[in-house]
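Right, one structure below, let's go through it.
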Amino acid sequence: MVGKIVEVEAYKGSDDPASHAFRGITLRNRPMFGEPGHAYIYFTYGNHFCLNVTTEQSGTPGAVLIRALEPVEGLNSMRKLRPNVSDLELTSGPGKLTKALGIDKSLNEVDMTKRGPLFIIDSGSEDFQMRCSPRVGIRRGTDRLWRVYVSDNPCVSRP
DNA sequence: TCGAAGATTCTA
DNA sequence: AGAATCTTCGAA
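Read in my numbering, the first sequence has 134 at position 127, and its numbers run on one by one without any break.
See below:
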């Protein structure tokens, strides 16, 4: 299955009250302190997984939450995992895309810079416009415009 | 050891 | 608007 990333949010460490890493390293957020380019996957609200990619050098917490994808390939597999929704809504949210791609904690900490069960590649030059906004679903740190999404893409969450 | 909150989604 | 649903964290 393949999807184009169309919406992300940035999370940092001790200076970011919305981040899991705000209060230091714990069992759950340990991947955020590890090597860059690896997956940080956590379970929330008793229902959903969320997928992040670590960004900072080892020892410095930082990650990017993948909030939405545009389905590109393997649509049939995604439809099986998420029945009763339109194609546009298959991956239009952080919990939705993990379900549509079958992502769970077994993929935690995999290296997403190398080909493997889960990885990210550069699709080359694409023509699109980016926008920023406050992050979604948090109570603190809402003053930071660290949600970045592709303008006019119907697959971004909460239009 | 226990209680509260949560980087959400679906249904009424 | 509200429930579902369970893990994680921090305080007691």
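Just so you know, even glycine gets a beta-carbon here, dropped at the ideal spot from N, CA and C.
To the nearest whole angstrom, what separates the beta carbons of residue i and residue j, a pair I think is in contact under 8 Å?
| i | j | result |
| --- | --- | --- |
| residue 148 | residue 23 | 6 Å |
| residue 46 | residue 125 | 6 Å |
| residue 115 | residue 48 | 4 Å |
| residue 55 | residue 102 | 3 Å |
So is residue i buried or exposed if we call it buried at 16+ other beta carbons inside 10 Å?
| i | result |
| --- | --- |
| residue 52 | exposed |
| residue 121 | exposed |
| residue 128 | exposed |
| residue 154 | buried |
When the distance is taken between beta carbons, is residue j closer than 7 Å to residue i?
| i | j | result |
| --- | --- | --- |
| residue 138 | residue 156 | yes |
| residue 119 | residue 69 | no |
Can you tell me which residues form a DSSP beta bridge with residue i?
| i | result |
| --- | --- |
| residue 78 | 10 |
| residue 55 | 51 |
Open item on the list: Quick test of the definition: if touching needs 3 or more C-beta pairs under 8 Å, does the region 20-40 touch the region 98-114?
Closed with: no
Open item on the list: For the pair the region 67-85 and the region 100-112, tell me if three or more CB-CB distances fall below 8 Å.
Closed with: yes
Open item on the list: Can you confirm whether the region 157-165 touches the region 11-25 when touching is taken to mean that 3 or more C-beta pairs between the two stretches lie within less than 8 Å?
Closed with: The region 11-25 vs the region 157-165: in contact.
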